[in-house]
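**Q** I have a structure here, written as structure tokens, and I will follow up with some questions on it.
Numbering (full-length UniProt numbering), first residue to last: 1 to 202.
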């Protein structure tokens, strides 16, 4: 017979390691131009990527086993994508984490990037550009909504679930932000991270 002690012992033997696969770290790179003006640096994703090609984003990615913290992830990914030395990045702080629509927990790390020469990883990054921080402070984002629909798969066992029509669907909405700067459109989670950063420094 199963006992409480048996269950407690089983639970105590579980390996208590964080699920890094569901976490990500991104760097919000701040650079200073020759006039002393502070800018945020953005990447344009390569057109060859299968996931979100040509989108605008910050350097970053999913945590890997060697990363002790999301800061490690953000620095590692920035090194890989921009081709800069981690010593040229001064971590200034971080924002509260965001949850993506797909459930990924994203930690935005704010960093001052002193290197202005990049060796872009062309497999991932097509180009970079910067936007003055003061421009964001003067230009709030426009907003829209995106709908996510959940519906049963073709093999869903409706006979096991009472009072559910085969046409049953559930919808969820989330707000989508857009910044339009010159020829660039910064939108989605990247835009929400920018807005959170701007709100913090006001």
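From the three backbone atoms N, C-alpha and C, an ideal C-beta is built for every residue, glycine too.
(1) May I ask which residues mark the beginning and end of the beta strand (DSSP E) holding residue 127?
(2) Tell me whether the beta-carbon of residue 199 lies closer than 9 Å to the beta-carbon of residue 174.
(3) Does the beta-carbon of residue 148 have 16 or more other beta-carbons within 10 angstroms, so that it is buried, or is it exposed?
(4) Would you report the Cα separation of residue 194 and residue 111, rounded to the nearest angstrom?
(5) Beta strand (DSSP E) containing residue 3: first to last residue?
(6) Can you give the beta carbon distance from residue 42 to residue 129, rounded, assuming they're within the 8 Å contact cut?
(7) With distances taken from CA atoms, which of 55, 23 and 161 is nearest residue 97?
(8) At what residues does the alpha helix (DSSP H) containing residue 142 begin and finish?
(9) CA-CA distance, residue 29 and residue 89?
(10) In chain order, what are the residue ranges of uninterrupted beta strand (DSSP E) at least 3 long that sit wholly in the UniProt domain "Nudix hydrolase" (21-154)?
(11) State the start and end residues of the unbroken beta strand (DSSP E) segment that holds residue 170.
(12) By alpha-carbon positions, which one of 132, 121 and 133 ends up nearest to residue 44?
(13) Quick check on residue 76: buried or exposed, where buried means 16 or more other Cβ atoms within 10 Å of its Cβ?
(14) Tell me the rounded alpha-carbon separation between residue 83 and residue 141.
(15) Kindly indicate which residue of 116, 134, 79 and 192 has the alpha-carbon position closest to the one of residue 108.
**A** To lay it out plainly:
(1) 125-132
(2) Not in contact: residue 199 and residue 174 (Cβ atoms no closer than 9 Å).
(3) exposed
(4) 13 Å
(5) That residue, residue 3, is in no beta strand (DSSP E); it is neither H nor E in DSSP.
(6) Separation of the CB atoms of residue 42 and residue 129 is rounded to 6 Å, and the pair is thereby assigned contact status at 8 Å.
(7) Checked all of 55, 23 and 161; the closest Cα to residue 97 is 23.
(8) Careful: residue 142 lies outside any alpha helix (DSSP H), inside the beta strand (DSSP E) at 142-150.
(9) Just so you know, the alpha carbons of residue 29 and residue 89 end up roughly 8 Å apart.
(10) 23-32, 38-45, 60-62, 89-94, 105-113, 125-132 and 142-150
(11) 170-181
(12) 121
(13) If you draw a 10 Å sphere on the C-beta of residue 76, you find 16 or more other C-beta atoms in it, and that means buried.
(14) 30 Å
(15) For residue 108, the nearest C-alpha among the options comes from 192.
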